[in-house]
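J.: Residue numbers (UniProt numbering), protein chains in the order written: chain H, 1 to 237; chain E, 1 to 183. By construction, the Cβ of each residue, glycine as well, lies at the ideal position given by its N, Cα and C atoms. Mind looking over this structure? Questions follow.
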Amino acid sequence: MNKEQKFSEEFINAFVDDELTPDEKAQAYARLGDDETLNRQVCELRKVRDLVGLAYRNVPAPACGTSAVATGRKCSTAIAAGLALVVGGLGGWFLNPASRAPDNAAIAQASPAAEDPAKVLFHVSEGSPEHLKTVLDEVENLMKFYRQTNQKARVEVITNGGGLSLLMAGISPYADRIQRMQKEYHNLTFVACQNTIERIQQELGLQAKLLPGVVIIDSGVAQIMRRQNQGWAYIQV
Amino acid sequence: MDVFNFLGRTREARLKLEQHRQRLYRIAYAWTHNAALADDLVQETLAKALKKSGQLRDPNAGDAWLYSILANCYHDHFRRLRSAEEIDENTLTHESTPEKESSEQEIVLKVRAAIARLAEGQRQVVTLVDIQGLSYLEVAQILNVPIGTVMSRLCRARYALKDLLGELAPKLAAEETKIRRIK
Chain H
1 MNKEQKFSEE FINAFVDDEL TPDEKAQAYA RLGDDETLNR QVCELRKVRD
51 LVGLAYRNVP APACGTSAVA TGRKCSTAIA AGLALVVGGL GGWFLNPASR
101 APDNAAIAQA SPAAEDPAKV LFHVSEGSPE HLKTVLDEVE NLMKFYRQTN
151 QKARVEVITN GGGLSLLMAG ISPYADRIQR MQKEYHNLTF VACQNTIERI
201 QQELGLQAKL LPGVVIIDSG VAQIMRRQNQ GWAYIQV
Chain E
1 MDVFNFLGRT REARLKLEQH RQRLYRIAYA WTHNAALADD LVQETLAKAL
51 KKSGQLRDPN AGDAWLYSIL ANCYHDHFRR LRSAEEIDEN TLTHESTPEK
101 ESSEQEIVLK VRAAIARLAE GQRQVVTLVD IQGLSYLEVA QILNVPIGTV
151 MSRLCRARYA LKDLLGELAP KLAAEETKIR RIK
């Protein structure tokens, strides 16, 4: 390209975005030295690029209706998650006919009582037996604490990924303990992630059977966010 | 059958996908200027990505792959609604709320309003390049268009933005002049 030829606008943009080959870049730099118009053009394009970046550096968090929620999910997602909970639950029904959710498991949408119970969710995503034992120890300690102090509470143990092994029949090393805890504490729910179950089925061809009384939701992550949005305390174990 | 290994892998994939949430959300917001819709699109994108994550062999292709799912979700959404323009108009009125008055915020709102006025294709290209810093080639793959189209859309978008934001320049220049006079 000789001195009389003008760079195309696409070429100048590509220069600004560092998309040129070294040779082309050298040509552009050579021209920039004595071409005031080109200098100004490059400068303006850089300014536009920076402004676009600046304009979306902080974007508004998803809001619920008109009131913004700092970190939570918005209403429609929560509703979708609620629907998915039902759908997921039904899916789980077919997956494992032996599974029966306890009455307090449908709970999820319960309206806040006059005296709000403490609401705690445990998120379990790792599946080593030692880790799972720690989880159950912590959950049980908390349940005992609430019982001793006569406090109303609802506790959910949400499992996904590796954590699902806690609730899989034939795999969970603590099936008996979980059944005992379910009988002992009616305000305790064990929840399994449908996505993880599906992946096990798809990739391993394995029909994932769950322990009795386990509730299935569509996505562990969606459920966690929904719960946080509802004011549940989140504990990752 | 190694269930534990498999589940571990699943968890890793899920964590990786979650790390992308904020970046995807920023782009989805830039495309729609609607926090609720952007959030839905990202949720849908991550859900689809998670379902298909077994198909992804090249981990370096993760970013572009996710953005292309987002672009598909975005197009599907407007194909269903056929109301892309309405959203933009709503955004313009919604974002010019008087309670946000700091000068930086003012510039931010002006830029967003200008972006909202761009044609959809231009808006997608300019945000992917300028906000996310993706290369032209990546953007071409994400939007499934030739690289020449990316270049021309970007070019038109930037010049349109320059014109739309024209009034910012005199204001800044005037401020500079004032400072010189004081000296």
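Say whether chain H places a C-beta atom closer than 8 Å to the C-beta of tyrosine 29 of chain E.
T.: As a working mapping, residue 29 of chain E is identified with position 29 in the second sequence. Interface residue, yes.
J.: Relative to chain E, which residues along the segment 136-162 of chain H have a C-beta separation below 9 Å, given in chain order?
T.: Against chain E - using a Cβ distance shorter than 9 Å - the residues of the segment 136-162 of chain H are Asn160, Gly161 and Gly162.
J.: What residues of chain E sit near glutamate 10 of chain H, judged by a beta carbon separation below 9 Å?
T.: Here the question's residue 10 of chain H lines up with position 10 in the first sequence. Within chain E, the residues near glutamate 10 of chain H are Gly148, Met151, Ser152, Leu154 and Cys155.
J.: What residues from chain H crowd round lysine 162 of chain E, counting only those whose CB sits closer than 7 Å?
T.: The sequence position of residue 162 of chain E within the second sequence is 162, counting from 1. Within chain H, the residues near lysine 162 of chain E are Glu44 and Val48.
J.: Tell me the rounded alpha-carbon separation between methionine 181 of chain H and leucine 142 of chain H.
T.: Taking the first sequence and counting its residues from 1, one reaches residue 181 of chain H at position 181. Taking the first sequence and counting its residues from 1, one reaches residue 142 of chain H at position 142. Taking the straight line from one Cα to the other gives about 12 Å.
J.: Can you check whether the CB of glutamate 156 of chain H is closer than 8 Å to the CB of threonine 189 of chain H?
T.: Against the first sequence, residue 189 of chain H aligns to sequence position 189. Against the first sequence, residue 156 of chain H aligns to sequence position 156. A contact, by the Cβ cut-off of 8 Å.
J.: Counting Cβ pairs closer than 8 Å, one from the segment 197-211 of chain H and one from the segment 169-181 of chain H, do we hit at least three?
T.: Yes: at least three Cβ pairs fall under 8 Å.
J.: With 8 Å as the threshold, decide whether the Cβ of serine 68 of chain E is near any Cβ in chain H.
T.: If you number the second sequence from 1, residue 68 of chain E lands on position 68. No - not a single Cβ of chain H is within 8 Å of the one on serine 68 of chain E.
J.: DSSP has phenylalanine 190 of chain H in a bridge; who is on the other side?
T.: Sequence index remark: in the first sequence, residue 190 of chain H carries index 190 (1-based). Paired residues: H:Val157.
J.: Below 8 Å CB to CB, which residues in the same chain sit around glycine 161 of chain H once its five sequence neighbours on both sides are set aside?
T.: The residue given as residue 161 of chain H occupies position 161 in the first sequence. Taken in chain order, the residues that qualify are Ser125, Glu126, Gly127, Cys193, Thr196 and Gly220.
J.: Between which two residues does the beta strand (DSSP E) harbouring valine 124 of chain H extend?
T.: Taking the first sequence and counting its residues from 1, one reaches residue 124 of chain H at position 124. Per DSSP, valine 124 of chain H belongs to the beta strand (DSSP E) from 118-124.
J.: Quick check: is the beta carbon of arginine 112 of chain E nearer than 8 Å to any beta carbon in chain H?
T.: As a working note, residue 112 of chain E is residue 112 in the second sequence. Interface residue, yes.
J.: Examine the Cβ distances between the segment 37-47 of chain H and the segment 118-131 of chain E and report whether three or more of them are shorter than 8 Å.
T.: No: fewer than three Cβ pairs fall under 8 Å.
J.: Count the other CB atoms, across all protein chains shown, that sit within 10 Å of the CB of arginine 57 of chain H; report buried if there are 16 or more and exposed otherwise.
T.: As a working note, residue 57 of chain H is residue 57 in the first sequence. By the neighbour-count rule (16 or more Cβ atoms within 10 Å), arginine 57 of chain H is not buried but exposed.
J.: Going straight from the alpha carbon of proline 102 of chain H to that of arginine 226 of chain H, what length do you get?
T.: Sequence index remark: in the first sequence, residue 102 of chain H carries index 102 (1-based). Sequence index remark: in the first sequence, residue 226 of chain H carries index 226 (1-based). Only weak support exists for where proline 102 of chain H lies, its pLDDT of 38 falling under 50; the coordinates are left without a value.
J.: Just to confirm the assignment: which complete alpha helix (DSSP H) runs, minimum length 4, are found wholly within the segment 142-172 of chain E?
T.: If we require 4 residues or more, the alpha helix (DSSP H) runs fully inside the segment 142-172 of chain E come out as 147-164.
J.: Should leucine 15 of chain E go down as buried or exposed, given a rule of 16 or more other Cβ atoms within 10 Å for buried?
T.: On the second sequence, residue 15 of chain E is found 15 positions in, with the first residue counted as 1. Exposed, because fewer than 16 other Cβ atoms sit within 10 Å of the Cβ of leucine 15 of chain E.
J.: Mapping the DSSP letters down to three states, classify glutamine 236 of chain H as helix, strand or coil.
T.: Working through the first sequence from its first residue, we reach residue 236 of chain H at position 236. Correct three-state label for glutamine 236 of chain H: strand.
J.: Measuring only between beta-carbons, confirm whether aspartate 17 of chain H sits less than 8 Å from chain E.
T.: Here residue 17 of chain H refers to the residue found at position 17 of the first sequence. Yes, aspartate 17 of chain H counts as interfacial toward chain E.
J.: Along chain H, in chain order, which residues have C-beta atoms closer than 9 Å to that of tyrosine 136 of chain E?
T.: The residue given as residue 136 of chain E occupies position 136 in the second sequence. In chain order: Ala14, Asp17 and Glu19.
J.: Quick one: is isoleucine 131 of chain E near chain H, going by C-beta distance under 8 Å?
T.: What you label residue 131 of chain E is simply residue 131 of the second sequence in a count that begins at 1. Closer than 8 Å: yes.
J.: In chain H, which residues lie with their C-beta within 9 Å of the C-beta of valine 126 of chain E?
T.: Within the second sequence, numbered from 1, the residue matching residue 126 of chain E stands at position 126. Within 9 Å Cβ-Cβ: Val48, Arg49 and Val52.
J.: Examine the Cβ distances between the segment 126-135 of chain E and the segment 45-52 of chain H and report whether three or more of them are shorter than 8 Å.
T.: Yes, the segment 126-135 of chain E is in contact with the segment 45-52 of chain H.
J.: Please confirm whether glutamine 191 of chain H has its beta-carbon closer than 8 Å to some beta-carbon of chain E.
T.: The count along the first sequence starts at 1 and reaches residue 191 of chain H at position 191. Reading the sequence as shown, one finds valine at residue 191 of chain H and not glutamine. Output row for valine 191 of chain H: interface = no.
J.: Can you pull the chain H neighbours of leucine 165 of chain E, defined as C-beta to C-beta under 9 Å?
T.: For the purposes of this step, residue 165 of chain E is taken as residue 165 along the second sequence, with counting starting at 1. Here the neighbours are Lys47, Val48 and Leu51.
J.: Look at the alpha carbon of glutamate 10 of chain H and the alpha carbon of threonine 37 of chain H, and state the distance between them as a whole number of angstroms.
T.: Residue mapping note: residue 10 of chain H aligns to position 10 of the first sequence, counting from 1. Residue mapping note: residue 37 of chain H aligns to position 37 of the first sequence, counting from 1. Rounded to the nearest angstrom, the two C-alpha atoms are 16 Å apart.
J.: Does isoleucine 224 of chain H come within less than 8 Å of chain E when only Cβ atoms are used?
T.: The residue you call residue 224 of chain H lines up with position 224 of the first sequence. Chain E, which has no Cβ nearer than 8 Å to the Cβ of isoleucine 224 of chain H, makes this no.
J.: Please tell me whether alanine 169 of chain H has its Cβ less than 8 Å away from any Cβ of chain E.
T.: What you label residue 169 of chain H is simply residue 169 of the first sequence in a count that begins at 1. Judged by the 8 Å Cβ criterion, alanine 169 of chain H is not in contact with chain E.
J.: DSSP three-state call for isoleucine 200 of chain H: helix, strand or coil?
T.: For the purposes of this step, residue 200 of chain H is taken as the residue at position 200 of the first sequence. Isoleucine 200 of chain H falls in the helix class under three-state DSSP.
J.: For valine 150 of chain E, which of E:Val125, E:Lys162 and E:Leu134 has the nearest alpha-carbon?
T.: Residue numbering aside, residue 150 of chain E sits at position 150 when the second sequence is read from its first letter. Looking at the Cα atoms, E:Val125 is the closest of the given residues.
J.: Would you call the CB atoms of arginine 26 of chain E and valine 135 of chain H closer than 8 Å?
T.: Taking the first residue of the second sequence as position 1, residue 26 of chain E is located at position 26. Taking the first residue of the first sequence as position 1, residue 135 of chain H is located at position 135. Contact: no.
J.: Could I get the ranges of all uninterrupted alpha helix (DSSP H) runs contained in the UniProt domain "RNA polymerase sigma-70 region 2" (18-82) of chain E, with 4 residues as the minimum, in chain order?
T.: DSSP runs (the alpha helix (DSSP H)) wholly in the UniProt domain "RNA polymerase sigma-70 region 2" (18-82) of chain E: 21-32, 35-52 and 62-81.
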